[in-house]
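Residues in the sequence shown are numbered from 59 upward in steps of one, following our numbering.
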Amino acid sequence: MELSVILVAYKSGPIVRQALESIAQYNDIGDELEVIVVDNSPEKERIYPDIQDIPLPHFQYVPSDNRGFGAGNNEGVKVSKGKILAFLNPDIILVEPIFQKIIQRFRKECIGMLGIQLCYENGKPGFSFYYDYQTSIIKKWTLKLWNKLGRFNPNQMYISGADMFVPRDLFIQAGMFDEHMFMYYEEPDLKRRIEKLDPSKKSVYDGSLKMIHLEKKSTPSSLAMIGHEMDSSVYYGKKYDLDYQKKLVFEYKYYGIKEKVYRICNKEKAKQMHEIRAYMKERMDAHDIGCDGNV
C-alpha cells in the first residue's frame, strides 16, 4: 500500500462525505490508496451512516473516544498500511489528482513532512503554513501575505495540520503524535521530533498542488477551542523550553488590539473580542500567568 489517508471526524458527517467523495473522484493511484476515518463523535452521533456507501478501494471506519486530534490520528495509523501517511482534515476537498505526484516526490527527495496549498472555496490561497511559536506582530500580520506568495521558510514555519504527508516509518520512529495535546501544536511538535531524529528530513511545501480547505467547518470556533490552544501552548512551551508566558501574554494583548479596532467599525466583533480576552485571562490565571507576564 503506497498511501494511507487518515481523517479524524467529530459530528461532521456531511462534511466528511464531501471530503471522501472528492478523494474517490481524484484517486490517481487506484488500489494503492486506503482511507481511514476515525470517528471521535459520541456514540449516538456516529457518522458511519453518512459515508458507508462511498466507493473507495480500501476503506476503514474506526469509532473512537474523543481524546483529541493527535490521539485520533494515532488510532488511524495503528490500522494503516501505507508507506506514506496523509493526515487530512475532514473539511478538505480535493480539486485535482495529487497522490501520484506526492508519492514521486517522496521517492526522489529526502522529505520529512510535505504540505500542499490550501485554498478557500473561492480559490484564493488560505493558510497552508504557520510560524512556529511566534510572538511578533509583524509576523502575525504578514503570515497571510507569505501564504499568498507561497514563501515557506522551513526553519521558522511548519506545515498546516490540515494536509500533512509524512513517511510512515519516520512518523512511528519519531514517536507519533504527542497525545498530551488535545488540539493544536501537534504539527510543530512532530516537525521538531522528526528533524531531531534525522536532520536531513526537512519540511517541504509544494504550492503547485492544491486542495480546498473549508476552514472552521469541521471544528466550529469556540472558547473551548481557544482554551485547548492555550493549554497546548503552555505544554509545548515547557516541552521545548520556550517562553510560554510571553506567548500567552502576546496573544492576549493581540486580541486587545483587535478589540480596540473593532470598537470603531464593528461593535458586535468588539464584544466578541472582549469575551475572548476575559476567557483568556481565566485560562492564564489557571496557569498562574498574569496578563503582564508575571507569574
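No residue lacks a Cβ here, since even glycine has one placed at the ideal position from N, Cα and C.
None of the values given here were measured: they were computed from a predicted structure.
Check L114 in the structure and name its three-state DSSP category.
Coil.
Thinking R163 and L172 are a contact (beta carbons under 8 angstroms), I'd like their distance in whole angstroms, please.
Indeed they touch by this definition, with Cβ atoms about 7 angstroms apart.
Please report the distance separating the alpha-carbon of Y106 from that of Q83.
The alpha-carbon atoms of Y106 and Q83 are separated by roughly 20 angstroms.
I want to know whether the segment 83-94 touches the segment 107-118 - three or more CB-CB distances under 8 angstroms.
The segment 83-94, when compared against the segment 107-118, does touch it at the 8 angstroms Cβ threshold.
Quick check on DSSP: helix, strand or coil for G265?
The answer is strand: DSSP assigns G265 an E or B state.
Tell me whether the beta-carbon of G71 lies closer than 8 angstroms to the beta-carbon of Q175.
The answer is no: Cβ separation not under 8 angstroms.
Taking only beta-carbon positions, decide if Y84 is within less than 8 angstroms of chain B.
Of the chains in the structure shown, none is chain B; there is only one protein chain.
If you draw a straight line from the C-alpha of N131 to the C-alpha of Q231, how long is it?
Using only the alpha carbons, I get a separation of about 15 angstroms.
Quick check on DSSP: helix, strand or coil for P121?
Three-state DSSP puts P121 in a strand.
Please report how far the alpha carbon of I347 lies from the alpha carbon of S99, in whole angstroms.
Their Cα atoms are separated by approximately 33 angstroms.
Exposed or buried, Q110, counting other C-beta atoms within 10 Å across all chains shown (16 or more means buried)?
Exposed: under 16 other Cβ atoms inside 10 Å.
I'd like the ranges of any alpha helix (DSSP H) spanning at least 4 consecutive residues and lying wholly in the segment 63-102.
Taking only runs of at least 4 residues, the alpha helix (DSSP H) segments lying wholly in the segment 63-102 are 71-83.
How would you call F225, buried or exposed, if buried means at least 16 neighbouring beta carbons within 10 angstroms?
Strictly speaking, residue 225 in this sequence is Pro, with Phe absent from that position. When all chains shown are included, P225 counts as buried.
Report the partner residues of V224 according to the DSSP bridge assignment.
For V224, which the question treats as bridged, DSSP gives the partners L143.
Helix or strand or just coil, what does DSSP make of Y189?
The answer is strand: DSSP assigns Y189 an E or B state.
Considering only the alpha carbon of each residue, which of I151, Y310 and L65 lies closest to I195?
Here the closest residue by C-alpha is Y310.
Quick one: grab the DSSP three-state call for P212.
Of the three classes helix, strand and coil, the one that applies to P212 here is coil, per DSSP.
With a threshold of 8 angstroms on Cβ separation, who are the neighbours of V353 within its own chain once the five nearest residues in sequence on each side are excluded?
In this prediction, V353 has a pLDDT of 43, which is less than 50 and means its spatial position is unreliable; what the coordinates show is noted afterwards. So the list reads Q303, D346 and I347, once near-sequence residues are dropped.
Counting C-beta neighbours from all protein chains within 10 Å, is the total for W204 16 or more, i.e. buried, or is it exposed?
Looking at its Cβ environment, which holds 16 or more other Cβ atoms inside 10 Å, W204 is buried.
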